[in-house]
């Protein structure tokens, strides 16, 4: 559904100059420097995948998305979306994709939400039956009814994001591009939007590419993650594969009934104690969890045992 092959984008930066005359001189002088925002990025996303596209600020995430949807032209390499070029077949591709930029809206600011939907219906030539079915489904999933007649400028951020998601899906696109869709939202609004995205991915088999800095979005939604840094792709795989690659320790926390008689276990990284609580840090690639639990049971009478995988924030930080 989405193919990027050797994708690159270079921007030309000219030095700032004082005054109008200085600006004209800088414009035509040819003096400046080239900066590669995206460099030799290649990946393929299949139908129905939910993929997280991650990277620190300035890594090239939004630039990549803009090339995938046809807003920017690549400096090198190629893009295919639904088998077409977003740059050469922009109208055809627009019918196949929905796009949500979390910090911008495609809704008309001073119009009620319903009017924006009807304008988009006309733009995409959605027939009345399809439009009615879409409105019924997305009203049910996103609870649009309470604010559909409210001007967009009066909506809360959470309401506006729900309306933007519905707007992006009115023409029933096969592919959805999301750039920071939960930015600035409270916990309740985030959970509502995550639940909605899970539903359309599972039931409607929408292919979704998500950029976000919220690691809870990634942990709850994405089956696969692609990591970009300094414009270059540095990782592409599942979250479990990422954990394997980075090799951060699993933590086993044990609460004992009495002071434990701790003994060293070959192959673990470290042991930390706090009264009758013990934490054992170990790499599952070198020693298995059953072996750890068997050894710990010899230290005393465990009341409670908790296993925790490495936090996704720490995994991503290590990659960056």
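In this note's numbering, the protein residues as written are 52 to 371. Cβ coordinates follow ideal geometry from the N, Cα and C atoms, glycine included. All figures in this text were calculated on a predicted structure; none of them were measured in a lab.
Query - Residue span of the alpha helix (DSSP H) that contains residue 167, given as start and end - result: Counted from its first residue, the chain shown places residue 167 at position 116. Judged by DSSP secondary structure, residue 167 falls within the alpha helix (DSSP H) whose first and last residues are 164-174.
Query raised in the report: What's the gap between the Cα of residue 86 and the Cα of residue 226?
Result: Reading the chain shown from its first residue, position 35 is the one you call residue 86. Reading the chain shown from its first residue, position 175 is the one you call residue 226. Cα to Cα, residue 86 sits roughly 30 Å from residue 226.
Report task. State buried or exposed for residue 256, treating a residue as buried only when at least 16 other CB atoms are found within 10 Å of its CB. Result -> Here residue 256 refers to the residue found at position 205 of the chain shown. Residue 256 should be labelled exposed.
**Report entry** Element boundaries [alpha helix (DSSP H), containing residue 120]
**Finding:** Numbered from its first residue, the chain shown carries residue 120 at position 69. Counting along the chain, residue 120 falls outside any alpha helix (DSSP H), and DSSP gives it neither H nor E.
Query raised in the report: Considering only the beta carbon of each residue, do residue 278 and residue 305 sit closer than 8 Å?
Result: Residue numbering aside, residue 278 sits at position 227 when the chain shown is read from its first letter. Residue numbering aside, residue 305 sits at position 254 when the chain shown is read from its first letter. Not in contact: residue 278 and residue 305 (Cβ atoms no closer than 8 Å).
Query raised in the report: What runs of the beta strand (DSSP E), each 3 residues or longer, lie entirely inside the region 144-228?
Result: Taking only runs of at least 3 residues, the beta strand (DSSP E) segments lying wholly in the region 144-228 are 148-152.
**Report entry** Complete alpha helix (DSSP H) runs within the region 274-299 (minimum length 4 residues, chain order)
**Finding:** Counting only runs of at least 4 residues, the region 274-299 fully encloses the following alpha helix (DSSP H) elements, listed from N- to C-terminal order: 290-297.
Query raised in the report: Can you name the start and end residues of the beta strand (DSSP E) that residue 344 belongs to?
Result: In the chain shown, the residue the question calls residue 344 occupies position 293. Where residue 344 is concerned, there is no enclosing beta strand (DSSP E), although the alpha helix (DSSP H) it sits in stretches over 340-347.
Query raised in the report: From residue 259 to residue 120, what does the alpha carbon distance come to, in whole angstroms?
Result: As a position in the chain shown, residue 259 is number 208, starting the count at 1. As a position in the chain shown, residue 120 is number 69, starting the count at 1. Going by the C-alpha atoms only, they are around 13 Å apart.
Query raised in the report: Is residue 103 near residue 276, with beta carbons less than 8 Å apart?
Result: Within the chain shown, residue 103 is the residue found at index 52, counting from 1. Within the chain shown, residue 276 is the residue found at index 225, counting from 1. Yes, the pair counts as a contact, with Cβ atoms nearer than the cut-off.
**Report entry** C-beta atoms of residue 125 and residue 169 nearer than 8 Å
**Finding:** The sequence position of residue 125 within the chain shown is 74, counting from 1. The sequence position of residue 169 within the chain shown is 118, counting from 1. Cβ distance not < 8 Å, so residue 125 and residue 169 don't count as in contact.
Query - For residue 90, the three-state DSSP class (helix, strand or coil) - result: By one-based count along the chain shown, residue 90 stands at place 39. Assigned with DSSP and collapsed to three states, residue 90 falls in strand.
Query - Bridge partner(s) assigned by DSSP for residue 359 - result: Locating residue 359 in the chain shown gives position 308, counting from the first residue. Paired residue(s): 302.
Query raised in the report: Looking at C-beta atoms only, is the number of pairs between the region 211-229 and the region 148-168 that lie closer than 8 Å three or more?
Result: The region 211-229, when compared against the region 148-168, does touch it at the 8 Å Cβ threshold.
Query raised in the report: Going by beta carbon distance, what residues of the same chain come within less than 6 Å of residue 284, once the five residues before and after it are set aside?
Result: As a position in the chain shown, residue 284 is number 233, starting the count at 1. The residues are 92.
Requested in this report: Compare the beta carbon distance of residue 114 and residue 105 with 8 Å and say whether it is the shorter of the two.
Outcome: Taking the first residue of the chain shown as 1, we reach residue 114 at position 63. Taking the first residue of the chain shown as 1, we reach residue 105 at position 54. Taking a C-beta distance under 8 Å as the contact criterion, residue 114 and residue 105 do not qualify as a contact pair.
**Report entry** Residues near residue 251 in its chain [Cβ-Cβ closer than 6 Å; skip 5 each side]
**Finding:** Here residue 251 refers to the residue found at position 200 of the chain shown. Excluding residues within five positions, the ones whose Cβ falls inside 6 Å are 257.
Query - Cα-Cα separation, residue 311 to residue 344 - result: Taking the chain shown and counting its residues from 1, the one referred to as residue 311 is at position 260. Taking the chain shown and counting its residues from 1, the one referred to as residue 344 is at position 293. About 14 Å.
Query raised in the report: Nearest-angstrom Cα distance between residue 217 and residue 267?
Result: Counting from one through the chain shown, the residue named residue 217 turns up at place 166. Counting from one through the chain shown, the residue named residue 267 turns up at place 216. Going by the C-alpha atoms only, they are around 22 Å apart.
Query - Cα-Cα separation, residue 215 to residue 100 - result: If you number the chain shown from 1, residue 215 lands on position 164. If you number the chain shown from 1, residue 100 lands on position 49. Computed Cα separation, rounded: 21 Å.
**Report entry** Three-state secondary structure (DSSP) of residue 309
**Finding:** Sequence index remark: in the chain shown, residue 309 carries index 258 (1-based). In the three-state reduction of the DSSP assignment, residue 309 falls in the coil class.
Report task. Evaluate residue 141 with the Cβ neighbour count: other Cβ atoms within 10 Å of its Cβ, from every protein chain shown; 16 or more gives buried, anything less gives exposed. Result -> Indexing the chain shown from 1 puts residue 141 at position 90. With fewer than 16 other Cβ atoms within 10 Å, it is exposed.
Query raised in the report: The beta strand (DSSP E) spanning residue 127 covers which residue range?
Result: Numbered from 1 along the chain shown, position 76 holds the residue referred to as residue 127. Per DSSP, residue 127 belongs to the beta strand (DSSP E) from 127-132.
Report task. Under 7 Å Cβ to Cβ from residue 133, same chain only, skipping five residues before and after it: list those, please. Result -> Within the chain shown, numbered from 1, the residue matching residue 133 stands at position 82. Around residue 133: 52, 144, 147, 225 and 226.
Query raised in the report: CB-CB under 8 Å to residue 57, same chain, minus the five flanking residues each way: which ones, in chain order?
Result: Indexing the chain shown from 1 puts residue 57 at position 6. Excluding its 5 nearest sequence neighbours in each direction, residue 57 has C-beta neighbours in its own chain below 8 Å: 91, 92, 93, 127, 128 and 129, listed in chain order.
Query raised in the report: Between the Cα of residue 303 and the Cα atoms of 295, 355, 272 and 232, which residue gives the shortest distance?
Result: Taking the chain shown and counting its residues from 1, the one referred to as residue 303 is at position 252. The residue with the shortest Cα to Cα distance from residue 303 is 355.
Query raised in the report: By the 10 Å Cβ neighbour count, where 16 or more other Cβ atoms means buried, how is residue 153 classified, buried or exposed?
Result: Translated into positions along the chain shown, residue 153 becomes position 102. Around the CB of residue 153, 16 or more other CB atoms lie within 10 Å, so the residue is classed as buried.
**Report entry** Selected residue, minimal CA-CA separation from residue 316, among 197, 164, 340 and 261
**Finding:** Counted from its first residue, the chain shown places residue 316 at position 265. Scanning 197, 164, 340 and 261 for the CA closest to the CA of residue 316 turns up 340.
Query raised in the report: How big is the Cα-Cα spacing for residue 272 and residue 181?
Result: One-based indexing of the chain shown puts residue 272 at position 221. One-based indexing of the chain shown puts residue 181 at position 130. Residue 272 and residue 181: Cα-Cα distance of roughly 27 Å.
Query - Distance, residue 361 Cα to residue 164 Cα - result: Here the question's residue 164 lines up with position 113 in the chain shown. Here the question's residue 361 lines up with position 310 in the chain shown. Going from the Cα of residue 164 to the Cα of residue 361 covers about 42 Å.
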